[in-house]
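In our numbering, the protein residues as written are 3 to 190.
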C-alpha cells in the first residue's frame, strides 16, 4: 500500500482498515516506512485469514485507517457531591492511557440489536450473547445515567428508568441519555 498523506502514526503490527468506498479489508501492517520526500509512506500488509481477499490495484484510491483500542467505563472520579457521596464519571482508555471524559455519569449500559435480514428482533446485553449472536448484531444502543453534582435539589422524589428497570425515586437530579448506532449495511 502507498499512504500518500502519511497522516496517521502507523506502526508495524497495527491493524488497518483499507477502504475505497466500494470494499473494505482488514490487514496487518508490517515494514511501515517513514514518509519519503514527497510525503508518501510505503506499507507492506498481510491480509487477515478470516477476511475475503481483495486486491487494491494502483487504480484504486483508498483510505487507510489504523484501528486503535478504546474502552469506555464508569468509575468513581475521586470527587464527592454536595451530600458527601462519591461522584462518578465516564472514562476512556486509549492505548493504555486513562482519561476522564464526562463527569456526572453514574452508569453506562450497552445493548446489541440482534436480527436477521436487517430487522431488529431484540436488544440484549453482551453477556447474554453467544458466538453466533455476534454475527447478527445490527446496531448498538448506549444508555448513560447522568447525575448532577448537587444532591437533594428536587422538591419531591422522582423515579427514572434505566436499562429497562425503574430506579428508586430520589430528590437528586438525574437524567437518562440513550442513543442507537446502526452498523453500516446491516440495519434497514
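In this text, a Cβ means the ideal position worked out from N, Cα and C, and glycines have one as well.
Quantities reported herein were computed from a predicted structural model and do not represent experimental measurements.
Item: Is the number of C-beta pairs between the region 138–155 and the region 163–180 that are closer than 8 angstroms three or more?; Value: yes
Item: If you draw a straight line from the C-alpha of residue 180 to the C-alpha of residue 35, how long is it?; Value: 43 angstroms
Item: Can you look up residue 170 in the DSSP assignment and give me helix, strand or coil?; Value: coil
Item: State the Cα-Cα distance for the pair residue 116 and residue 38, rounded to the nearest angstrom.; Value: 46 angstroms
Item: Per the DSSP calculation, residue 130 is bridged to which residue(s)?; Value: Paired residue(s): none; residue 130 is not in a bridge.
Item: Run the CB neighbour count on residue 146, radius 10 Å, all protein chains shown included, and call it buried at 16 or more, exposed below.; Value: buried
Item: With the cut-off set at 8 angstroms, would you say residue 183 and residue 142 are in Cβ contact?; Value: yes
Item: Quick check on this structure: which residue in 128, 162, 111, 70 has the alpha carbon closest to the alpha carbon of residue 76?; Value: 111
Item: Jot down the residue ranges of each uninterrupted alpha helix (DSSP H) in the region 97–144, minimum 4 residues, whole runs only, in chain order.; Value: 133–136
Item: Kindly indicate which residue of 122, 120, 139 has the alpha-carbon position closest to the one of residue 128.; Value: 139
Item: Determine whether the beta carbon atoms of residue 30 and residue 12 lie at a separation below 8 angstroms.; Value: no
Item: For a test of the three-state rule: what should DSSP assign to residue 156, helix, strand or coil?; Value: coil
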